[in-house]
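**Q** Residue numbers (mature numbering (1 follows the signal peptide of the UniProt record, and there is no 0)): -32 to -1, 1 to 584.
This is the structure I want to talk about, given as structure tokens.
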């Protein structure tokens, strides 16, 4: 099952810092106008299964309801992406979580998260339920898939490896038919349920997996027609009128983190148990309310069967389990190795004969044909004028045209109007021989007139005289990359703005205590320009001398201990030195940056509390 390799964006490193700023702000006795104390903020992290905007639209009314019921506090919804949940919980950046049952089980064992309620889902206007399942489906026109046994080697779209309804329940049901994991086709994770449904509708996947109620909600929102899809392995359960392919499991819990007050949890539980079914908070969340916690033992058993976190200890996997899971692959690998050895022996005997050359030529032609037809990118052969001669199935799937339709079209007709000049210029360069091959990013039109970003690569095939016989064009859908680039750009801009406007000094240190980043407030408090501080040793610049004038050895510095030991240090009366020789009392917190269980640096957040001395 394929999955994109994990990466650590900058915002993952700054999450602990931002959380610390929030904690300092809420813990400090700051007085607003009228001498009234600011209400403590309570952060409720919610799994953003359909994206952040959908999460706010669905749950902000619940925060408003709690603000009315518990006016001493200020409640805020924090959308959480799948991969960010452990970071937010580990660093205490949320106080409560609303997540799927599988993620809750993992958090309960690893971090001591405790459930206090279970939501009751609004299935229809007449029915509700505190359980849910998975829907396994395919396109209505896909007649090669009728049951679960037909999923062998099929391309599957799922939400996330930790999504209970969007993958785990369905995987267990599929494996119960006798299929092995190694027999399944590639699995692509799209991170939201809506994206999975779109992948199946657009032909990017043959099978989709989402949680029950997703297809009905998308149909109600006008995003799809359920009649275009067909449910695989449809099931019926008492008092459960929705499409489903699996057994039922307990719905999402409302859970508290260990550091969260039990009294606050009790007050919230009482308020949510009294939530009226027709209240805006219940309607927006598509629930009828909350009930006493369900028994999640069935979820524990499910994760154990599949060896999924927190029951994924690799050292407990024995030889028999490996053979059972990958026996087919091992046998195939042995067969491939044996075949290659025999082929080498055969070629060694016949490499000087015409018969061997002919056989090799036929094999090469077959490999090229298979590569062309089964390539993961769209490939087509064009005339010098851009007319289609031949294309593979992937090209048809990407553009939405059949092979016959493409044969009556020209590549120029697929270019979006705004990108037409770019595409023609690139095509002309290839034909003139200015570049032998290259790539350009532009937008192409599908048969339904929707557009998508593609990376277009055109190369020439020449005859023995050097004349161009035809063009080879390869396209790859880069819509997800473009979307990720835009999201990263916005996230980076937001993070830079936060650092720029922060009221406290913020310093990033590497393992040698040299400055890796400095916000403007930190430079201003210490009397430097930002560029003067970057790359220079923090202790030597502003922490070098005690109050009595004696040198302060760096080895005794608490900040150096944080870099060595990885334990957060807080001080309310430290002495910092300015560039002009003056000093001031500072309140600061030094927090280690830990990546993959290794200390990679630290973040210092400080503020001036009083002036001690100035340069005379």
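By construction, the Cβ of each residue, glycine as well, lies at the ideal position given by its N, Cα and C atoms.
Predicted, not measured: the structure shown is a model, and the values here were computed from it.
For residue 89, which beta-bridge partners are listed by DSSP?
**A** DSSP lists 97, 255 as partners of residue 89.
**Q** For residue 57 versus residue 81, is the C-beta distance shorter than 9 Å?
**A** Yes, they are a contact pair.
**Q** Quick check on this structure: which residue in 446, 60, 433, 518 has the alpha carbon closest to the alpha carbon of residue 224?
**A** Taking only the C-alpha atoms, the option nearest residue 224 is 60.
**Q** According to DSSP, is residue 511 part of a helix, a strand, or is it coil?
**A** DSSP places residue 511 in coil when its eight states are reduced to three.
**Q** Any contact between the segment 437 to 449 and the segment 341 to 353? By contact I mean 3 or more CB pairs, one from each, below 8 Å.
**A** Yes, the segment 437 to 449 is in contact with the segment 341 to 353.
**Q** Please return the same chain residues whose Cβ sits closer than 6 Å to the Cβ of residue 181, not counting the five positions on each side in sequence.
**A** Around residue 181: 210.
**Q** Excluding the five sequence neighbours on either side, which residues of its own chain have a C-beta within less than 6 Å of the C-beta of residue 50, listed in chain order?
**A** Excluding positions up to five away in sequence, the list reads 128, 130.
**Q** Assign residue 401 to one of three DSSP states: helix, strand, or coil.
**A** In this structure, residue 401 counts as coil in the three-state DSSP scheme.
**Q** Go through the segment 428 to 499 residue by residue and report every complete run of the alpha helix (DSSP H) that reaches 4 residues or more, in order.
**A** Fully enclosed alpha helix (DSSP H) runs of 4 or longer: 447 to 469, 488 to 494.
**Q** Determine the extent of the alpha helix (DSSP H) in which residue 364 is found, giving its start and end residues.
**A** It spans 361 to 367 - the alpha helix (DSSP H) in which residue 364 sits, taken as one unbroken run.
**Q** Could you tell me if residue 222 is buried or exposed, where buried requires 16 or more neighbouring beta carbons within 10 angstroms of its beta carbon?
**A** The residue in question, residue 222, is buried, as its Cβ has 16 or more Cβ neighbours within 10 Å.
**Q** Just to check my reading of the structure: residue 216 and residue 107 have Cβ atoms closer than 8 Å, yes? What is that Cβ distance to the nearest angstrom?
**A** Rounded, the Cβ-Cβ distance is 26 Å, inconsistent with contact.
**Q** Count the C-beta pairs between the segment 59 to 76 and the segment 257 to 272 that are closer than 8 Å, then say yes if the count reaches three, no if not.
**A** Output reads yes: the segment 257 to 272 touches the segment 59 to 76.
**Q** Excluding five sequence neighbours on each side, which residues of the same chain lie with their C-beta closer than 6 Å to the C-beta of residue 10?
**A** The answer, listed in chain order, is 41, 43, 63.
**Q** Does the segment 144 to 154 come into contact with the segment 119 to 128, if we say contact requires no fewer than three beta-carbon pairs (one atom in each stretch) closer than 8 Å?
**A** Yes: the two stretches touch, three or more of their Cβ pairs being nearer than 8 Å.
**Q** Cutting at 8 Å between CB atoms, please list the residues of its own chain near residue 420, excluding the five before and the five after it.
**A** Hits under 8 Å: 366, 411, 412, 414, 445, 447.
**Q** Nearest-angstrom Cα distance between residue 140 and residue 265?
**A** Those two C-alpha atoms are separated by around 16 Å.
**Q** On the three-state DSSP scale, how would you describe residue 13?
**A** Note: residue 13 maps to strand in three-state DSSP.
**Q** Looking only at DSSP bridge pairs, what is residue 544 linked to?
**A** 552.
**Q** Using 10 angstroms around the beta-carbon of residue 330, count the other beta-carbons present and answer buried if the total reaches 16, otherwise exposed.
**A** That one is exposed.
**Q** Going by C-alpha to C-alpha distance, which of 357, 569, 164 sits closest to residue 377?
**A** That would be 357, whose Cα lies nearest to the Cα of residue 377.
**Q** Figure out for me which residue from 162, 54, 301 has the closest Cα to the Cα of residue 78.
**A** Checked all of 162, 54, 301; the closest Cα to residue 78 is 54.
**Q** Please classify residue 68: is it buried, with 16 or more other beta-carbons within 10 angstroms of its beta-carbon, or exposed?
**A** Result: buried.
**Q** What are the start and end residues of the alpha helix (DSSP H) that includes residue 164?
**A** Unbroken alpha helix (DSSP H) run through residue 164: 161 to 169.
**Q** Using the Cα positions of residue 546 and residue 509, report the straight-line distance between them to the nearest angstrom.
**A** Taking the straight line from one Cα to the other gives about 8 Å.
**Q** For residue 585 and residue 278, what's the separation of their Cα atoms in angstroms?
**A** In this structure the chain extends from -32 to 584, so residue 585 is not present and cannot be described.
**Q** Decide if residue 160 is buried, meaning its Cβ has at least 16 other Cβ atoms within 10 Å, or exposed.
**A** When all chains shown are included, residue 160 counts as buried.
**Q** Contact check, residue 475 vs residue 486 under 8 Å by CB: the rounded distance?
**A** That pair is a contact at about 6 Å.
**Q** Looking only at C-alpha atoms, which of 99, 34, 258, 363 sits nearest to residue 171?
**A** The shortest C-alpha separation from residue 171 is found at 363.
**Q** To the nearest angstrom, how far is it from the Cα of residue 202 to the Cα of residue 309?
**A** Roughly 47 Å separates the two Cα atoms.
**Q** What do you get for residue 283, buried or exposed, if any count of 16 or more other CB atoms within 10 angstroms of its CB means buried?
**A** Only weak support is given to the placement of residue 283: the predicted model assigns it a pLDDT of 46, under 50, and the value that follows is read from those uncertain coordinates. Residue 283 comes out exposed.
**Q** Here's the rule: buried if 16 or more other CB atoms are within 10 angstroms of the residue's CB, otherwise exposed. What is residue 306?
**A** When all chains shown are included, residue 306 counts as exposed.
**Q** Report yes if the CB atom of residue 34 is closer than 9 Å to the CB atom of residue 233, and no otherwise.
**A** Result no, Cβ atoms of residue 34 and residue 233 do not sit closer than 9 Å.
**Q** Please determine, among 430, 301, 177, the residue with the shortest C-alpha to C-alpha distance to residue 349.
**A** Nearest option by C-alpha distance: 430.
**Q** Nearest by alpha-carbon distance to residue 99: which of 558, 229, 267 is it?
**A** Here the closest residue by C-alpha is 267.
**Q** In its own chain, which residues sit with a C-beta less than 6 Å from the C-beta of residue -11, not counting the 5 before and 5 after it?
**A** Low per-residue confidence applies at residue -11: pLDDT is 47, beneath 50, and the placement is therefore not dependable enough to give any value.
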